[in-house]
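In what follows, a single structure is set out as structure tokens and then discussed.
Residue numbers (our numbering): 153 to 235.
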């Protein structure tokens, strides 16, 4: 007997009642989704925000030391005492 014939003989349990199924989803899935969202925020968004913060901090320190902002694409350097 091959695998498909064996699977044809297996009885499939009935679908649980709607309130029971919904309660099970809420009990098992929702805490996992919340934990995943918190972990994604902590590891993704926080690191991204910290990167931008340190880039701005470095630019401010560079301005303090050199008197000009770091150049962006398509901009020419500006001095702190620009007219």
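No residue lacks a Cβ here, since even glycine has one placed at the ideal position from N, Cα and C.
The C-alpha of residue 167 lies about 14 Å from the C-alpha of residue 175. Within the region 153 to 211, the alpha helix (DSSP H) runs of at least 4 residues that lie entirely inside it are, in chain order, 155 to 161 and 170 to 192. Between the alpha carbons of residue 212 and residue 221 lies a gap of roughly 8 Å.
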